[in-house]
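Counting along the sequence shown from 1, when you hit position 159 you're at 159 in UniProt numbering, and nothing is skipped either side. Beta carbons are placed, not taken as given, at the ideal position from N, Cα and C, and that holds for glycine. One structure is given below, encoded as structure tokens.
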Amino acid sequence: SAFIPENEVSLQLAGLHLIQKLGAKRNFIFTLFLFSFQKLVKTGENNWSLPELVHAVVLLAHYHALASFVFGSGINPERDPDTSNGVRLIAVNNFCVCDLANDNNIENASLTSSNFGIADSLSELEALMERMKRLQEDKEDEEASQEEMDTRFEKEKKESLLVISGAFDDEIVSTDVSRYVEDPGFGYKDFARRGEDHLPTFRAQDYTWENHGFSLVNRLYSDIGHLLDEKFRMVYNLTYNTMATHEDVDTTTLRRALFNYVHCMYGIRYDDYDYGEVNQLLERSLKVYIKTVTCYPERTTKRMYDSYWRQFKHSEKVHVNLLLMEARMQAELLYALRAITRHLT
1 SAFIPENEVS
11 LQLAGLHLIQ
21 KLGAKRNFIF
31 TLFLFSFQKL
41 VKTGENNWSL
51 PELVHAVVLL
61 AHYHALASFV
71 FGSGINPERD
81 PDTSNGVRLI
91 AVNNFCVCDL
101 ANDNNIENAS
111 LTSSNFGIAD
121 SLSELEALME
131 RMKRLQEDKE
141 DEEASQEEMD
151 TRFEKEKKES
161 LLVISGAFDD
171 EIVSTDVSRY
181 VEDPGFGYKD
191 FARRGEDHLP
201 TFRAQDYTWE
211 NHGFSLVNRL
221 YSDIGHLLDE
231 KFRMVYNLTY
241 NTMATHEDVD
251 TTTLRRALFN
261 YVHCMYGIRY
271 DDYDYGEVNQ
281 LLERSLKVYI
291 KTVTCYPERT
301 TKRMYDSYWR
311 QFKHSEKVHV
321 NLLLMEARMQ
331 AELLYALRAI
341 TRHLT
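Here it is as structure tokens:
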């Protein structure tokens, strides 16, 4: 993440430095969030009012999440250390990575590549739809016990720590942005170390967007709560009821799995959700893509984008990126707003 050097901004803006870093890369460190907020709102010449602070938090969360959408949709060119300026556009079969955002009247170009078998991608699609159908039938027949759902969440949460994102050289920072970067070694870390028996969990029902975050934001930053809530709901419910060439498909379970997996990676748990669905519906290549886009967006590559759901249209994959962006933003807001709420009580 990029930071403007503190000597080039006002002292008040410089006070956001730690919150910017935590929100972008380690928003689950609740105690540091709380300490940072308490420090910013102390009486003084450069202090922040609570409405100003909430406004700033919303803006930061928006731009942190927007980075996931930008890199995930291929709007930013990939970097190549073999070129003189470190940047190049990747073209595959005359298909440029920057075209991912708008299709450019191209059907899924990855399907034209000899590297991918159309028959294999079709069978993957059929298998996914069959799993969706079976999950719906199983849910109607018999619901899992709370104990079983607890176990499935813990299993998914631990496994998310083992999902390795795309390779990336953190030492490479292009010259056009290096002057804005402060503390380049500060990056995303998993919310717990691998091998830990007791991983921290943010229980969603203890602090939900609908019941807690929404009202706090609306109280301190007039009307923004309604706008954010409308945006979250619109993207979460958005569907054309299609999957590749299939129409009239209920994609609810798939959309919910994508959204909840992002929150799971950040340690957020919904007690009424069966995380076994995540394991059933999200293939490993998709999990790698999700972790990279939401946690290390600058590492996202077109190869990674092409590796999952090979039969799907680009517009459907951009829809996935919208879901990931909103889930990422909501996760950051939940941690930040919970810290502000704790400060107020």
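Note to self: Counting C-beta neighbours from all protein chains within 10 Å, is the total for Gln330 16 or more, i.e. buried, or is it exposed?
What the structure shows: Gln330 is buried by the Cβ-count criterion.
Check: Would you say the segment 269-283 touches the segment 46-58, given that touching needs at least three Cβ pairs under 8 Å?
Finding: Touching, no, given that fewer than three Cβ pairs across the two stretches are closer than 8 Å.
Check: Name the DSSP bridge partner or partners of Glu247?
Finding: DSSP links Glu247 through a beta bridge to Thr242.
Note to self: Quick test of your reading: Lys302 and Gly74, contact by CB under 8 Å. State the CB separation rounded to the nearest angstrom.
What the structure shows: With a Cβ gap of about 6 Å, Lys302 and Gly74 count as contacting.
Next item on the list: Pick helix, strand or coil for Phe312, following the three-state DSSP scheme.
Entry: In this structure, Phe312 counts as coil in the three-state DSSP scheme.
Check: Among Phe202, Val320, Thr294 and Tyr221, which one has its Cα closest to the Cα of Arg328?
Finding: The option with the nearest alpha carbon to Arg328 is Thr294.
Checklist line | Meets three-Cβ-pair contact criterion under 8 Å: the segment 314-328 and the segment 240-260 | finding: They touch, by the three-pair rule.
Next item on the list: Whole angstroms is fine: what's the gap from His343's alpha carbon to His64's?
Entry: C-alpha separation (whole angstroms): 23 Å.
Item checked: Own chain partners of Leu216 with C-beta closer than 7 Å, once the 5 adjacent residues on each side are dropped -> Only Leu337, Ile340 and Thr341 meet the Cβ criterion.
Notebook entry, point to check: In angstroms, rounded to a whole number, what distance separates the CA positions of Tyr221 and His55?
Noted result: Here the alpha carbon of Tyr221 sits roughly 6 Å from the alpha carbon of His55.
Next item on the list: Quick one: grab the DSSP three-state call for Ile268.
Entry: DSSP places Ile268 in the strand class (E or B) of the three-state scheme.
Notebook entry, point to check: By how many angstroms is the C-alpha of Glu124 removed from the C-alpha of Asp274?
Noted result: In this structure, the alpha-carbon of Asp274 lies about 23 Å from that of Glu124.
Checklist line | N- and C-terminal bounds of the alpha helix (DSSP H) containing Arg219 | finding: Here the alpha helix (DSSP H) through Arg219 covers Phe214 to Leu220.
Item checked: Proximal residues to Asp229 (C-beta, below 7 Å), its chain only, five neighbours per side dropped -> Once the five neighbours on either side are set aside, the close Cβ partners of Asp229 are Phe214.
Item checked: residue 349 and Asp250 closer than 8 Å at C-beta -> The question about residue 349 has no answer here: the residues shown for the chain are numbered 1 through 345.
Checklist line | Sheet register partners of Phe153 (DSSP bridge) | finding: Per DSSP, none; premise fails for Phe153.
Check: Which first and last residues belong to the alpha helix (DSSP H) in which Ala144 is found?
Finding: Element bounds for Ala144: n/a, residue is neither H nor E.
Notebook entry, point to check: With Val262 and Leu324 assumed to form a contact (beta carbons below 8 Å), what rounded beta-carbon distance in angstroms separates them?
Noted result: The pair is a contact, with the Cβ atoms about 6 Å apart (cut-off 8 Å).
Checklist line | For Cys264 and Glu156, believed in contact at Cβ under 8 Å, the rounded distance | finding: The distance from the Cβ of Glu156 to that of Cys264 is about 6 Å, consistent with a contact at the 8 Å cut-off.
Margin query: What does the alpha-carbon distance come out to for the pair Lys133 and Tyr289?
Written below: Cα-Cα distance, rounded: 24 Å.
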